[in-house]
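A.B. asks: A single structure is presented below for examination.
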Amino acid sequence: MRAALDQAEAAAASGEVPIGAVVVKDGRVLAAAHNSPRARHDPTAHAEILAIRAAAQALGNERLDGCELWVTLEPCAMCAGAMVHARLARLYYAAPDPKGGAVEHGSRIFAQAECLHRPDIYSGIGEEPAATLLRDFFAARR
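For the working numbering, count along the sequence shown from 1 and bump the result up by 866.
Below you can see the structure in the form of structure tokens.
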């Protein structure tokens, strides 16, 4: 989770919402990314999407079998959907997102009967530093 938090800090430093993600396979980081929709002028440039894309390129395969996604905030519906199609084995996320999350809140993508694939989910790892980054980022903008 430390690598994802480092990415979140980089996002904050560049004026983006501080969310970071890494894809890991067999203990090795395949890809790391942070939110950058503003810089890229791309509403889909969430940390998870960018990390999934980079990991797929690194593996030369759209399926990320056996991979883990570590992210600092509960993924939204778009990112959860991408995780389903990538067939990620495990999701580790730090802070819950009652407003925009779609894993344990909102639409609960993986709990839907129609869901094609369900990763193992582990939440709360690194929650406090991730939540503090987000709170501080938004407090400075209000």
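Every residue, glycine too, gets a C-beta built ideally from N, C-alpha and C. Bear in mind the structure is a predicted one, so any value in this text is a computation, not a measurement.
Please give me, in chain order, every unbroken run of the beta strand (DSSP E) with length at least 3 that falls completely inside the segment 896-965.
C.D. replies: If we require 3 residues or more, the beta strand (DSSP E) runs fully inside the segment 896-965 come out as 933-939, 956-961.
A.B. asks: Please classify residue 1005: does DSSP put it in a helix, a strand, or coil?
C.D. replies: Residue mapping note: residue 1005 aligns to position 139 of the sequence shown, counting from 1. The DSSP-derived three-state label of residue 1005 is helix.
A.B. asks: Determine the direct distance from the alpha carbon of residue 979 to that of residue 899, and round the result to whole angstroms.
C.D. replies: For the purposes of this step, residue 899 is identified with residue 33 of the sequence shown, where counting begins at 1. For the purposes of this step, residue 979 is identified with residue 113 of the sequence shown, where counting begins at 1. Distance between the alpha carbons of residue 899 and residue 979: 30 Å.
A.B. asks: My assumption, with CB atoms under 8 Å, is that residue 961 sits in contact with residue 925. Please give the rounded CB distance.
C.D. replies: Translated into the one-based positions of the sequence shown, residue 961 becomes position 95. Translated into the one-based positions of the sequence shown, residue 925 becomes position 59. Rounded, the Cβ-Cβ distance is 28 Å, inconsistent with contact.
A.B. asks: Tell me which residues share the same chain as residue 983 and place their Cβ nearer than 7 Å to its Cβ, disregarding the 5 neighbours each side in the sequence.
C.D. replies: One-based indexing of the sequence shown puts residue 983 at position 117. Excluding residues within five positions, the ones whose Cβ falls inside 7 Å are 950, 953.
A.B. asks: Let me make sure I understand the geometry here. Which of 915, 907, 933, 906 has the alpha-carbon closest to that of residue 893?
C.D. replies: The residue labelled residue 893 in the question sits at position 27 within the sequence shown. Among 915, 907, 933, 906, the Cα nearest to that of residue 893 belongs to 933.
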